[in-house]
Amino acid sequence: ADIAIDAVAMCQPPQARFDAAVQAIRAGKHVLLEKPPGATLSEVEALTRLSEAAGTTLFAAWHSRFAPAVHDARAWLTERRINHVEITWKE
């Protein structure tokens, strides 16, 4: 509830993040959610509704979200129908 703080970054495990994010939004803070943004999709949807009603920003972080290839990949995918995807994650 510190009025000097405008925003908070939620970097704890997603199972503990929801309650903390609710408290922050209710205190009028802008919230950054580290990935994954929630333990369930319904939690994230609830936070979205709460943030919209409070007039605060809710943003989900992902280190590659704004990588240059993302825009081109999105454009390429809009012209295709994807029937199957297999991902080998290497990081």
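Using our numbering, read the sequence shown as starting at 230 and increasing by one per residue. Cβ coordinates follow ideal geometry from the N, Cα and C atoms, glycine included. As the structure is a computational prediction, the values presented were derived from the model and not from experiment.
Item to complete: Enumerate in chain order the residues of its own chain whose CB-to-CB distance from A250 is below 6 Å, with the five nearest sequence positions on each side excluded.
Response: The residues are M239, V260, L276.
Practice prompt. For H259, name the three-state secondary structure that DSSP assigns.
Written response: Three-state result, H259: strand.
Worksheet item: Nearest-angstrom Cα distance between E263 and A290?
Response: One C-alpha to the other measures close to 5 Å.
Fill in: Buried or exposed by the 16-neighbour rule on C-beta atoms within 10 Å, applied to V299
For V299, the number of other beta carbons within 10 angstroms of its own is below 16, and it is reported as exposed.
Worksheet item: With distances taken between CB atoms, is the gap from A283 to P243 smaller than 8 Å?
Response: With respect to the 8 Å criterion, A283 and P243 are not classified as neighbours on the basis of their beta carbons.
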